[in-house]
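All you need for my numbering is the position in the sequence shown, starting with 1, plus 26.
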Amino acid sequence: MPPFRDGGGRFGGRAMSVEFHELTVSAVIRETAECSSFELSVPAVLHEKYQYKAGQHLTFELPWEDFKITRCYSLSSCADVGEPLKIAVKRVEGGRVSNWLNDNVKVGASIMASVPEGRFVLDPETRSSAPLFLFAGGSGITPIIALLKSALATTRRSVAVLYANQDRDSVIYGEEIDRLANEHSGRLAVHHHFDAEGGYLRPAEVRALLHDTDIAEFYICGPEPFMELIESTLAEAGVHEELIYIERFVSPADPDRVGVEVIDVASFEAPDTFSLWLNGRSRTVPYVRGKTLLRCAQDAGLQPAHSCESGYCGSCMAHLKTGKVHMRTHEALSERDIARGVALLCQSVPASGEPLELDSDSTSFRTASAVKSSYGKRVSQLAAVAAFAFMVAGTLVLRLVH
Numbered sequence: 027m028p029p030f031r032d033g034g035g036r037f038g039g040r041a042m043s044v045e046f047h048e049l050t051v052s053a054v055i056r057e058t059a060e061c062s063s064f065e066l067s068v069p070a071v072l073h074e075k076y077q078y079k080a081g082q083h084l085t086f087e088l089p090w091e092d093f094k095i096t097r098c099y100s101l102s103s104c105a106d107v108g109e110p111l112k113i114a115v116k117r118v119e120g121g122r123v124s125n126w127l128n129d130n131v132k133v134g135a136s137i138m139a140s141v142p143e144g145r146f147v148l149d150p151e152t153r154s155s156a157p158l159f160l161f162a163g164g165s166g167i168t169p170i171i172a173l174l175k176s177a178l179a180t181t182r183r184s185v186a187v188l189y190a191n192q193d194r195d196s197v198i199y200g201e202e203i204d205r206l207a208n209e210h211s212g213r214l215a216v217h218h219h220f221d222a223e224g225g226y227l228r229p230a231e232v233r234a235l236l237h238d239t240d241i242a243e244f245y246i247c248g249p250e251p252f253m254e255l256i257e258s259t260l261a262e263a264g265v266h267e268e269l270i271y272i273e274r275f276v277s278p279a280d281p282d283r284v285g286v287e288v289i290d291v292a293s294f295e296a297p298d299t300f301s302l303w304l305n306g307r308s309r310t311v312p313y314v315r316g317k318t319l320l321r322c323a324q325d326a327g328l329q330p331a332h333s334c335e336s337g338y339c340g341s342c343m344a345h346l347k348t349g350k351v352h353m354r355t356h357e358a359l360s361e362r363d364i365a366r367g368v369a370l371l372c373q374s375v376p377a378s379g380e381p382l383e384l385d386s387d388s389t390s391f392r393t394a395s396a397v398k399s400s401y402g403k404r405v406s407q408l409a410a411v412a413a414f415a416f417m418v419a420g421t422l423v424l425r426l427v428h
């Protein structure tokens, strides 16, 4: 399954939407029997728009019969080492887009893609020091290998990679990973796990790789069971949530999929306005009955991150602080996320008339609770420094007095 994730596009005008441009397929590389990589050429006039960070993704708009389908694919390329845009697409059984791309797209083909977006990126505050642990399951390797290349090229961090697959033939970017391991043998440790040889991944196998868990950072991308195992093992090892970054990926619903809940939003009571924290400020947004919270925010001239607008990419996650919402679908979220108060703006409508407040700033692709943001951590650190300085100043005053 392809990793579908995080991020939003750029927006403009009142009817804000993802900004698509025509790119050209410059290379097609068969990675495995079920997966191909596609390198994309960007027109010179768009080079500035397509500057990107390792771990980000592109949203693609593809025609299908009488409608268009959007899909998000993580970039496996790394701008820090001068690589062109590249994605990997693994076939999904019955998947329209993944199979169509693998079967039909050739060198020279044109494809509509958004500008790069996403928050599943290396934390600039710790780029040069803390150990880095990267966990990938299946095609979840695509953003993980980009992060790996960036860390090796721009920092001196030690890096450990755990990459789980069904078997050896399923490994994507195997030769590239081996080359990196040989070139950086003193810094990079790679551990492969194959279900066909050792059964499913077990917590003990994960724990054996861990060290410096109080300062290291952990990035995870893969199928839900894989991610749940990694997250629970890290929690048991005492890893703080603010050190964990996650990238959930799911197969998005096809437009004609049955089973998506149909509701009469007009039946819900709703407040006249709701509050949305965005870019460090609380904004009061008029609520228009029948519209999603994302659309209302856009109509008010705001630009919260979003991408697919179908509930599967997770770009528009927000933390529900007060009030209740109903989400038409929420494939990008786990039940644990929902229990923590995470909502998707693109799928949410008010579910009661009580005051409604959401925070788009505090929820990121760290573990989705994300109420302990890096900003909060920095405030705590600054408070500790201030307290120490105050204590030292007090001691000096006492010495002067005596």
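Glycine residues also receive a C-beta, built at the ideal position from the N, C-alpha and C atoms.
When DSSP labels each residue in this structure, what does residue i get in the three-state scheme?
{"i": "residue 50", "result": "strand"}
{"i": "residue 250", "result": "helix"}
{"i": "residue 45", "result": "coil"}
{"i": "residue 381", "result": "coil"}
{"i": "residue 321", "result": "helix"}
{"i": "residue 114", "result": "strand"}
With distances taken between CB atoms, is the gap from residue i to residue j smaller than 8 Å?
{"i": "residue 381", "j": "residue 348", "result": "yes"}
{"i": "residue 165", "j": "residue 116", "result": "yes"}
{"i": "residue 157", "j": "residue 242", "result": "yes"}
{"i": "residue 328", "j": "residue 309", "result": "yes"}
{"i": "residue 252", "j": "residue 227", "result": "yes"}
{"i": "residue 214", "j": "residue 232", "result": "no"}
{"i": "residue 170", "j": "residue 202", "result": "no"}
{"i": "residue 176", "j": "residue 206", "result": "no"}
{"i": "residue 372", "j": "residue 320", "result": "yes"}
{"i": "residue 219", "j": "residue 188", "result": "yes"}
{"i": "residue 304", "j": "residue 386", "result": "yes"}
{"i": "residue 179", "j": "residue 107", "result": "yes"}
{"i": "residue 146", "j": "residue 212", "result": "no"}
{"i": "residue 512", "j": "residue 67", "result": "In this structure the chain extends from 27 to 428, so residue 512 is not present and cannot be described."}
{"i": "residue 204", "j": "residue 59", "result": "no"}
{"i": "residue 123", "j": "residue 88", "result": "yes"}
Alpha carbon to alpha carbon, what distance is there between residue j and residue i?
{"i": "residue 216", "j": "residue 77", "result": "29 Å"}
{"i": "residue 54", "j": "residue 168", "result": "15 Å"}
{"i": "residue 162", "j": "residue 102", "result": "12 Å"}
{"i": "residue 312", "j": "residue 337", "result": "22 Å"}
{"i": "residue 56", "j": "residue 94", "result": "26 Å"}
{"i": "residue 246", "j": "residue 69", "result": "33 Å"}
{"i": "residue 374", "j": "residue 359", "result": "13 Å"}
{"i": "residue 264", "j": "residue 109", "result": "37 Å"}
{"i": "residue 46", "j": "residue 339", "result": "17 Å"}
{"i": "residue 151", "j": "residue 377", "result": "39 Å"}
{"i": "residue 159", "j": "residue 119", "result": "31 Å"}
{"i": "residue 368", "j": "residue 86", "result": "25 Å"}
{"i": "residue 74", "j": "residue 105", "result": "12 Å"}
{"i": "residue 362", "j": "residue 143", "result": "25 Å"}
{"i": "residue 192", "j": "residue 208", "result": "24 Å"}
{"i": "residue 126", "j": "residue 346", "result": "38 Å"}
{"i": "residue 259", "j": "residue 365", "result": "20 Å"}
{"i": "residue 270", "j": "residue 229", "result": "17 Å"}
{"i": "residue 326", "j": "residue 350", "result": "21 Å"}
So that I know if they touch, is there some Cβ in chain C lying closer than 8 Å to that of residue i?
{"i": "residue 207", "result": "Looking for chain C here will not work: only one protein chain is present."}
Return the Cβ separation of residue i and residue j in integer angstroms, given the expectation that the two are a contact with Cβ distance under 8 Å.
{"i": "residue 112", "j": "residue 51", "result": "So it is not a contact: roughly 10 Å between Cβ atoms."}
{"i": "residue 98", "j": "residue 334", "result": "6 Å"}
{"i": "residue 135", "j": "residue 61", "result": "That belief does not hold up - the Cβ atoms of residue 135 and residue 61 are roughly 18 Å apart, past 8 Å."}
{"i": "residue 183", "j": "residue 155", "result": "7 Å"}
{"i": "residue 295", "j": "residue 379", "result": "4 Å"}
Which runs of the beta strand (DSSP E), 3 residues or longer, sit entirely within the segment 116 to 190? 136 to 140, 158 to 163
What ranges does the beta strand (DSSP E) occupy inside the segment 192 to 267, keeping only unbroken runs of at least 3 residues that lie completely in it? 214 to 220, 243 to 248
Any beta strand (DSSP E) of 3 or more consecutive residues that is wholly inside the segment 304 to 379: 307 to 312, 343 to 348, 351 to 353, 368 to 370, 374 to 376
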